[in-house]
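**Q** Position in the sequence shown (from 1) plus 23 gives the number in the working numbering.
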Amino acid sequence: MPSASPNETAAFTPGTWLSDGGQYYFFDAGGTTGRTASLEDGTGVGFTYSLVGTEAVFSMGAADNTNSCTVSRNGDTVTLEWADGATEHLTYVSEQGSDTFQFYSNQELAGLALSFYRENNGAQDNQTLTSAAQTNEDGSVSIQVYENLGDHNSTAAWYTVDRMTAAGTDNSGNEVNLAG
Numbered sequence: 024m025p026s027a028s029p030n031e032t033a034a035f036t037p038g039t040w041l042s043d044g045g046q047y048y049f050f051d052a053g054g055t056t057g058r059t060a061s062l063e064d065g066t067g068v069g070f071t072y073s074l075v076g077t078e079a080v081f082s083m084g085a086a087d088n089t090n091s092c093t094v095s096r097n098g099d100t101v102t103l104e105w106a107d108g109a110t111e112h113l114t115y116v117s118e119q120g121s122d123t124f125q126f127y128s129n130q131e132l133a134g135l136a137l138s139f140y141r142e143n144n145g146a147q148d149n150q151t152l153t154s155a156a157q158t159n160e161d162g163s164v165s166i167q168v169y170e171n172l173g174d175h176n177s178t179a180a181w182y183t184v185d186r187m188t189a190a191g192t193d194n195s196g197n198e199v200n201l202a203g
């Protein structure tokens, strides 16, 4: 929940918006620039945009990657209907921008879960374990720590955590904090 309600008259309130497409959009104050960050690995691109009425044009990255969309807003949600027919929903999550907003990517959480498991289960041979993370519909992240046995995976642990704090529960319902 954002600490301040977004400005209802601006299509893109400065701050952080979460896309149902698997990334954050950071809109800068001034109304023409921002950047993205992938939930998977944290990488992203800078962008510029212009907005006239309900029509927006985004130029993503350094290459000539320009896309147009129709923008509609309902409270703290913006819908982008891209020219290629795709629809993307952005939800305002924070007034913090890209310089201050912090989150763990899926790759970072998978690594933290593997380290956490190894540190807390040292008696077992756990050097062949790996991990994978997936974003859930509610925004939490589920992480499986497992060993690949060729024809199947043998699960050692499941964790479901908050992307901002890396805290949550294990598969038994016990509280965990993967970040320490």
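Even for Gly, the Cβ is constructed at its ideal location relative to N, Cα and C. Predicted, not measured: the structure shown is a model, and the values here were computed from it.
#1: SER91 and VAL80 - do their beta-carbons sit closer together than 7 Å?
#2: Rounded C-beta distance between THR77 and VAL94? I'm assuming under 8 Å.
#3: Do you know offhand how far THR36's Cα is from GLY134's?
#4: So, do the segment 148-165 and the segment 101-113 have three or more beta carbon pairs nearer to each other than 8 Å?
#5: Assign SER26 to one of two classes, buried (16 or more other C-beta atoms within 10 Å of its C-beta) or exposed (fewer than that).
#6: Roughly how many angstroms separate the alpha carbons of ASN200 and ALA136, rounded to a whole number?
#7: Note down the Cα distance separating ALA179 from SER61, rounded to an integer number of angstroms.
#8: Quick one: is GLN46 buried, meaning 16 or more other Cβ sit within 10 Å of its Cβ, or exposed?
#9: What first and last residue would you give for the alpha helix (DSSP H) that runs through SER163?
#10: Shortest alpha-carbon distance to SER195 belongs to which of TYR182, ALA189 and GLY57?
#11: Is the distance from the Cβ of VAL164 to the Cβ of SER154 below 7 Å?
#12: Sorted by chain position, which residues of the same chain lie with C-beta nearer than 7 Å to ARG58's C-beta, five sequence neighbours on each side aside?
#13: In the DSSP assignment, find the beta strand (DSSP E) that holds TYR127 and state where it starts and stops.
#14: Between the Cα of GLY53 and those of SER138, GLY65, ASN197 and GLY38, spot the shortest distance and give me the residue it belongs to.
#15: To the nearest angstrom, how far is it from the Cα of GLU198 to the Cα of GLY145?
#16: Which residue marks the beginning of the beta strand (DSSP E) containing GLN46, and which one marks its end?
**A** Taking the definition as stated:
#1: yes
#2: 5 Å
#3: 33 Å
#4: no
#5: Annotation note: pLDDT 42 at SER26 (below 50); position unreliable, no value reported.
#6: 9 Å
#7: 27 Å
#8: buried
#9: Counting along the chain, SER163 falls outside any alpha helix (DSSP H), and DSSP gives it neither H nor E.
#10: TYR182
#11: no
#12: PHE49, GLY67, VAL68, GLY69, PHE70 and SER121
#13: Careful: TYR127 lies outside any beta strand (DSSP E) and carries neither H nor E.
#14: GLY38
#15: 19 Å
#16: 46-50
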